[in-house]
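Read through the structure below, which is laid out as structure tokens, and then see the notes.
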Amino acid sequence: MYPITTFHAIHVGPLMQLRCLAACILLSASAAWSATQVAISDAIVVSNVSRLGINLAENNYYDSPSMKVTDTKNFEGIAYRQCHEGTLFTNGFGTWRTGSNIYTGSNIYIDSGWAALMVGGTYRILSGNVAGTTGTIVAVSNIYMMTWNTDQSNDVPFFVLDKAVALPGGQPQRGAGFMVEKFVLDGGYLNGTYDGYWLQTNCFLLTGDVSPNSWGVGALNMVGATNRAHFRMATVGQSIAEANGPYRVTFRARKTTAAPVLWVNLDAGIQTNAPVALSTSWTDYSYVMTVTNATGTANPRFTFYVTNGNVLVDDVCVEKLFDPSPVAYTMATFAALTNMRPGILRWVQMGGNTVSNTIFDQLHQYAYLDDPSTVGPNGAAVKEEYGMHEFLELCEEVGAESWYNLPGALDPPEIAQFMEYIAGPSNVGMGKIR
């Protein structure tokens, strides 16, 4: 065994600070007289020790580009899901998750649009003698009630149920669990404002007109008849990773007016592609374009833009080519993890996600949102950055155990789906995906 000196930081008063300073001076003097020598050999002191684990960081183009696929857009809907604790009544549920803004006195849940959005959504009672009961939310109103304790009463959202709930003696049940959910498939997901940098004003989400090869029901209508319509796709930041090299850009498109023109360009004058030859039928396109002069802090981006008419676009994906990594993660990420030999890899999920979003890659996910302050495609909706399938393949190749945190809002049928994905036969249901 080798001696190890450990220093702990604590909060001390002035007198103690002086004593600590004197002690530090003595220790420093002692260290100067005789430095501690630590010898490291190949001898195994303790065997069968679990290797340390690592939390994976987020993946984005400007600070940690760890995936070969640098950007995707599928223009699909948003899953709004929340779990609440509150008081269950025979005719509804009052959440203890207060909807009031302490600064303005306004009701965030109503002002943001969540209340109106949840009308027609579904609910599931999570606890008590009626646990598992499901139904439809017919209205969301306000109720003034005691929340966490007798000293707290607030105006809170009240979910009106489609049917009466049989409670013992008809008495309200405090501390009940309650999940609400609504899928807004035609709301789409844009991750930015319509008039912002990533997506220009005259791009609109629509449903019901997609390629037979598409996943989902949504597409983007680029209305370039009067003004240019455009959106951008990210690569990586050169100051963080190597941005230069070839990229494959894939997408589906079809024209809906006579003679629109669609370009796919690399911005900053790096490279311009010829206009896409458009058809009135959905067509799959694939281009290889090369970034050659990215230096410094450059962040090369692909720009799709339409003029002289209207074009529908869907399932857009940008992928860095010729990366030798055996998994969806870049070789730089894979090599670093392989070199560190972590015993466990962990990915944390929070909030109201679904089991399908948990498993699939970003191109095949809906966005999800459980923040009651914002609704709509330009709000705070997010997608999981790593699909579980990609994550488990990484763990297998690196030789690490997986610690994948499932979102806390999965319902019982989804848990059954998840178990089937993990352990079911490979020719049945979710096992086929595995």
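Heads up: the sequence shown at position 124 corresponds to 146 in this note's numbering, and the numbers run straight through without jumps. No residue lacks a Cβ here, since even glycine has one placed at the ideal position from N, Cα and C. Values in this document were obtained by computation on a predicted structure and should not be read as measured data.
Please state whether DSSP places residue i in a helix, a strand or coil.
{"i": "tyrosine 102", "result": "strand"}
{"i": "tyrosine 408", "result": "coil"}
{"i": "glycine 446", "result": "coil"}
{"i": "serine 424", "result": "strand"}
{"i": "methionine 441", "result": "helix"}
{"i": "phenylalanine 326", "result": "strand"}
{"i": "asparagine 315", "result": "coil"}
{"i": "methionine 372", "result": "coil"}
{"i": "phenylalanine 205", "result": "strand"}
{"i": "leucine 288", "result": "strand"}
{"i": "glutamate 341", "result": "strand"}
{"i": "phenylalanine 111", "result": "coil"}
{"i": "tryptophan 384", "result": "A quick correction: the sequence has glutamine, not tryptophan, at residue 384. Three-state result, glutamine 384: helix."}
{"i": "leucine 416", "result": "helix"}
{"i": "alanine 299", "result": "coil"}
{"i": "glycine 75", "result": "coil"}
{"i": "glutamate 436", "result": "helix"}
{"i": "glycine 192", "result": "helix"}
Near residue i, what residues of its chain come up, given a Cβ to Cβ distance below 8 Å and the 5 sequence neighbours on each side ignored?
{"i": "leucine 139", "result": "Tyr102, Lys204, Val206, Val397"}
{"i": "tyrosine 269", "result": "Thr92, Thr257, Val310, Met311, Thr312, Val313, Phe324, Val340, Glu341, Lys342, Leu343"}
{"i": "glycine 318", "result": "Gln260, Ser261"}
{"i": "alanine 247", "result": "Thr279, Pro282, Asn330, Gly331, Asn332"}
{"i": "phenylalanine 200", "result": "Cys105, His106, Glu107, Gly108, Leu110, Phe115, Thr117, Tyr145, Arg146, Ile147, Leu148, Phe181"}
{"i": "aspartate 231", "result": "Ala241, Leu334"}
Which two residues bound the contiguous alpha helix (DSSP H) that contains residue i?
{"i": "valine 526", "result": "Residue 526 lies beyond the range of the chain shown here (23 to 456); nothing can be said about it."}
{"i": "tryptophan 136", "result": "136 to 140"}
{"i": "isoleucine 262", "result": "Segment: none, isoleucine 262 is in no alpha helix (DSSP H) and carries neither H nor E."}
{"i": "glycine 451", "result": "451 to 455"}
Which same chain residues, not among the five before or five after residue i, have their C-beta less than 7 Å away from its C-beta?
{"i": "alanine 251", "result": "Gln222, Asn224, Cys225, Met244, Val245, Tyr327, Val328"}
{"i": "serine 163", "result": "Phe180, Val182"}
{"i": "glycine 446", "result": "Met452, Gly453"}
{"i": "isoleucine 47", "result": "Legend: pLDDT at isoleucine 47 = 36, less than 50; position of this residue unreliable, no value from coordinates given."}
{"i": "alanine 161", "result": "Val141, Val182"}
Hey, quick one: how far does the beta strand (DSSP E) through residue i stretch, first residue to last?
{"i": "aspartate 133", "result": "Looking at the DSSP string, aspartate 133 is not in any beta strand (DSSP E); the run it does join, the alpha helix (DSSP H), is 130 to 133."}
{"i": "alanine 389", "result": "389 to 391"}
{"i": "methionine 255", "result": "251 to 256"}
{"i": "leucine 227", "result": "225 to 229"}
{"i": "methionine 167", "result": "156 to 168"}
{"i": "leucine 359", "result": "Here leucine 359 belongs to no beta strand (DSSP E); instead the alpha helix (DSSP H) covers 353 to 362."}
{"i": "methionine 244", "result": "240 to 245"}
{"i": "serine 175", "result": "175 to 183"}
{"i": "threonine 279", "result": "Where threonine 279 is concerned, there is no enclosing beta strand (DSSP E), given that its DSSP letter is neither H nor E."}
{"i": "isoleucine 62", "result": "Element bounds for isoleucine 62: n/a, residue is neither H nor E."}
{"i": "asparagine 119", "result": "Note that residue 119 is arginine in the sequence shown, not asparagine. Arginine 119 -> no beta strand (DSSP E), and no H or E assigned at all."}
{"i": "lysine 95", "result": "91 to 95"}
{"i": "tyrosine 145", "result": "144 to 147"}
Give me the Cβ distance between residue i and residue j, rounded to the nearest whole Å; I'm assuming they're in contact under 8 Å.
{"i": "isoleucine 100", "j": "tyrosine 211", "result": "6 Å"}
{"i": "valine 349", "j": "glutamate 436", "result": "About 26 Å; that fails the 8 Å criterion."}
{"i": "methionine 255", "j": "valine 338", "result": "6 Å"}
{"i": "asparagine 81", "j": "glutamate 419", "result": "Going by Cβ atoms, the distance from asparagine 81 to glutamate 419 rounds to 17 Å, so no, they are not a contact pair."}
{"i": "leucine 227", "j": "phenylalanine 97", "result": "6 Å"}
{"i": "valine 141", "j": "isoleucine 165", "result": "Actually they are not in contact, since the Cβ atoms of valine 141 and isoleucine 165 sit about 16 Å apart, beyond 8 Å."}
{"i": "tryptophan 304", "j": "phenylalanine 253", "result": "18 Å between Cβ atoms; not a contact."}
What do you reckon, are the CB atoms on residue i and residue j nearer than 8 Å?
{"i": "serine 233", "j": "arginine 196", "result": "no"}
{"i": "glycine 75", "j": "leucine 367", "result": "yes"}
{"i": "glycine 157", "j": "aspartate 184", "result": "yes"}
{"i": "tyrosine 390", "j": "asparagine 375", "result": "yes"}
{"i": "glutamine 371", "j": "leucine 428", "result": "yes"}
{"i": "proline 394", "j": "glycine 209", "result": "no"}
{"i": "threonine 94", "j": "valine 178", "result": "no"}
{"i": "leucine 288", "j": "proline 322", "result": "yes"}
{"i": "serine 236", "j": "threonine 272", "result": "no"}
{"i": "tyrosine 426", "j": "methionine 410", "result": "yes"}
{"i": "serine 69", "j": "glycine 365", "result": "no"}
{"i": "alanine 263", "j": "proline 87", "result": "yes"}
{"i": "valine 239", "j": "valine 187", "result": "no"}
{"i": "serine 424", "j": "lysine 90", "result": "no"}
The ligand SAH heavy atoms versus the CB of residue i: any closer than 7 Å?
{"i": "valine 313", "result": "Among the ligands in the structure shown, none appear at all, so the ligand SAH cannot be discussed."}
Below 6 Å CB to CB, which residues in the same chain sit around residue i once its five sequence neighbours on both sides are set aside?
{"i": "glycine 150", "result": "Gln195, Ala198"}
{"i": "tyrosine 84", "result": "Gly259"}
{"i": "leucine 189", "result": "Thr112, Gln195"}
{"i": "glutamine 174", "result": "none"}
{"i": "asparagine 77", "result": "Arg368"}
{"i": "threonine 58", "result": "none"}
{"i": "alanine 431", "result": "Arg103, Cys105, Gly374"}
Please decide whether residue i counts as near chain C, where near means a Cβ-Cβ distance under 8 Å.
{"i": "asparagine 243", "result": "Absent here is chain C; the protein component of the structure consists of one chain."}
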